[in-house]
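Participant: Mind looking over this structure? Questions follow.
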Amino acid sequence: MSGWGMGWFGGAATKKKDAPKNAILQLRSQLEMLSKREKHLQHQMEEQDAIARKNVTTNKNVAKAALRRKKQFEHSLEQTSGQIMTLEREIYSIESANINKETLDAMKNASKAMKEIHGGLTIDKVDQTMEELREQHAIGEEIGEAITQGIGNANLDEDELDEELAELQQEELDNKMLKTGTVPVTDDVARLPSVADREGEFHNSISHLAHLRHSNFVDMSRINIIVDVRANILRL
Numbered sequence: 002m003s004g005w006g007m008g009w010f011g012g013a014a015t016k017k018k019d020a021p022k023n024a025i026l027q028l029r030s031q032l033e034m035l036s037k038r039e040k041h042l043q044h045q046m047e048e049q050d051a052i053a054r055k056n057v058t059t060n061k062n063v064a065k066a067a068l069r070r071k072k073q074f075e076h077s078l079e080q081t082s083g084q085i086m087t088l089e090r091e092i093y094s095i096e097s098a099n100i101n102k103e104t105l106d107a108m109k110n111a112s113k114a115m116k117e118i119h120g121g122l123t124i125d126k127v128d129q130t131m132e133e134l135r136e137q138h139a140i141g142e143e144i145g146e147a148i149t150q151g152i153g154n155a156n157l158d159e160d161e162l163d164e165e166l167a168e169l170q171q172e173e174l175d176n177k178m179l180k181t182g183t184v185p186v187t188d189d190v191a192r193l194p195s196v197a198d199r200e201g202e203f204h205n206s207i208s209h210l211a212h213l214r215h216s217n218f219v220d221m222s223r224i225n226i227i228v229d230v231r232a233n234i235l236r237l
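Residue numbers (the working numbering): 2 to 237.
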């Protein structure tokens, strides 16, 4: 009994769902029949017109009767054309209404699906999840930095590196001295003034000090000390 009831309700739902399609099929069938009738009436009108033209001079009664039948066929043709237009308009209306209904049903299903998806979601849960993701990303970055730093480089001493570099430089300098047999001249030595330059500077200083001897404000003992120092520098 229950199975029969379920089948009946299911059949009713299916029948209701197929109602627009069945109506459209019925209207199209009627439209096809009216189209055939329209062509038949047009053909009959052409026949009566031909009869009237043929007998217009020889038999006026026959020609007049043919024109009367042509008018009747023409009236029927106008009615048929009007019915065709009405059916076409109804088919279009039903199709549009059915499309609107199917679109609305699809939107309802989409809304239902969205509600089911968002049923277990709240703003607090989303914020909590995003916060957890940010924390995990931060942990991942810290782990990556710890890995890329390496283990061997952590215990290096800069002073030890500088000392080793100095030893290498001294070793390279010793090798050059052994190959050339001379002590390489550094930039500081090369920049020292020549003997001629020092002599000129010394004589200029002596002349300046001699001029100062005539001044009462200059201590002569200090001048003599300066002269001795300049002379010693010149001997170097």
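All C-beta atoms in this analysis are idealised placements derived from N, C-alpha and C, irrespective of residue type, glycine included.
Rounded to whole angstroms, what is the Cα-Cα separation between residue 175 and residue 147?
Facilitator: Near 42 angstroms, if we compare the C-alpha coordinates of residue 147 and residue 175.
Participant: So, with DSSP's three-state summary, where would you put residue 122?
Facilitator: coil
Participant: Below 8 angstroms between beta carbons: does that hold for residue 25 and residue 95?
Facilitator: Taking 8 angstroms as the Cβ cut-off, residue 25 and residue 95 qualify as a contacting pair.
Participant: Here's a check: name, in chain order, each residue in its chain whose Cβ is nearer than 6 angstroms to the Cβ of residue 21, leaving out the five neighbours to either side.
Facilitator: Within the same chain, residue 21 has close Cβ partners 95, 99.
Participant: Which of the three DSSP states, helix, strand or coil, is assigned to residue 57?
Facilitator: Residue 57 falls in the coil class under three-state DSSP.
Participant: Taking the alpha-carbon positions, what's the residue 117 to residue 108 distance?
Facilitator: If I take the Cα positions, the gap works out to 14 angstroms.
Participant: Helix, strand or coil for residue 128, going by three-state DSSP, please let me know.
Facilitator: Helix at residue 128.
Participant: Is it true that the stretch 84-91 meets the stretch 51-62, where meeting means three or more beta-carbon pairs spaced less than 8 angstroms apart?
Facilitator: no
Participant: Distance check for residue 129 and residue 122, CA to CA, integer angstroms please.
Facilitator: 11 angstroms
Participant: Report yes if the CB atom of residue 43 is closer than 8 angstroms to the CB atom of residue 68, and no otherwise.
Facilitator: no
Participant: Report yes if the C-beta distance between residue 1 and residue 91 is below 8 angstroms; otherwise report no.
Facilitator: It is not possible to answer for residue 1, since the shown part of the chain is limited to 2 through 237.
Participant: Quick test of your reading: residue 81 and residue 38, contact by CB under 8 angstroms. State the CB separation rounded to the nearest angstrom.
Facilitator: In this structure residue 81 is in contact with residue 38, their Cβ atoms being roughly 5 angstroms apart against a cut-off of 8 angstroms.
Participant: Does DSSP classify residue 160 as helix, strand or coil?
Facilitator: Residue state for residue 160 is assigned as helix, using DSSP reduced to three classes.
Participant: Quick one: Cα of residue 104 to Cα of residue 110, how far?
Facilitator: 10 angstroms
Participant: Would you mind sorting residue 71 into buried or exposed? The rule is 16 or more other CB atoms within 10 Å of its CB.
Facilitator: buried
Participant: If I measure Cβ to Cβ from residue 49 and keep anything under 6 angstroms in the same chain, skipping five residues before and after, which residues do I get?
Facilitator: 67, 70, 71
Participant: When the Cα of residue 18 is compared with those of 106, 57, 141, which residue comes out closest?
Facilitator: The shortest C-alpha to C-alpha distance from residue 18 to any of 106, 57, 141 is the one to 106.
Participant: Measuring straight from C-alpha to C-alpha, what distance separates residue 178 and residue 160?
Facilitator: 27 angstroms
Participant: Identify, in the order they occur along the chain, each residue of the same chain with its Cβ nearer than 8 angstroms to the Cβ of residue 150, setting aside the five sequence neighbours on each side.
Facilitator: Within the same chain, no residue comes within 8 angstroms of residue 150 by CB-CB distance, once the 5 residues on both sides are set aside.
Participant: For residue 35, count neighbouring C-beta atoms within 10 Å of its own C-beta (all shown protein chains included) and say buried if the count is 16 or more, exposed if not.
Facilitator: buried
Participant: If we ignore side chains and look at the alpha-carbon of each, how far apart do residue 144 and residue 138 end up?
Facilitator: 10 angstroms
Participant: Nearest-angstrom Cα distance between residue 169 and residue 180?
Facilitator: 17 angstroms
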